[in-house]
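Below: the structure, in structure tokens.
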Amino acid sequence: MIIIKLFGMDSYEAIRYTKKLEKKLVDLYQINEDEIEFYAGEGFIIHNGFEQTNFRLNIEIEAPEQYEEIENEVKDTITDILRDENVSISCLLTSILPMNIFSMTSPIRFI
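Just so you know, the sequence shown maps onto residues -18 to 92 in our numbering.
Structure (structure tokens):
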């Protein structure tokens, strides 16, 4: 599972941009579409007492450690697509150890 969090981007704009990002990142990571998710919550980026949303974009990318070798390509792909939307973009890339990844899907129960 790969999770990309977009802090400082309007959530409706994020939907539009993630449509562009998803296909490129699925190809880059060589994964299925169901293995990548994006998060863009409601909130503000605040710096030095001033609201900086839509000026600063902080991106956090969490991916299994096996993808460390392509981190720069991932960062470049994301920043190339989002460059026109924000003045300042920062990326935090976090490698997750396989032993720290757990996923479960509960069966649907009809009552």
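Where is the CB? At the ideal position from N, CA and C, for every residue including glycine.
{"query": "Integer-rounded CB distance, given that residue 62 should sit under 8 Å from residue 72", "result": "Wrong, their Cβ atoms sit about 13 Å apart, outside the cutoff."}
{"query": "Ordered list of beta strand (DSSP E) runs contained in the segment -3 to 68, each at least 3 residues", "result": "17 to 20 and 37 to 45"}
{"query": "First and last residue of the uninterrupted beta strand (DSSP E) at residue -16", "result": "-17 to -12"}
{"query": "Collapsed DSSP secondary structure at residue 87 in the structure displayed", "result": "coil"}
{"query": "Residue closest to residue 2, alpha-carbon to alpha-carbon, out of 52, 31 and -15", "result": "-15"}
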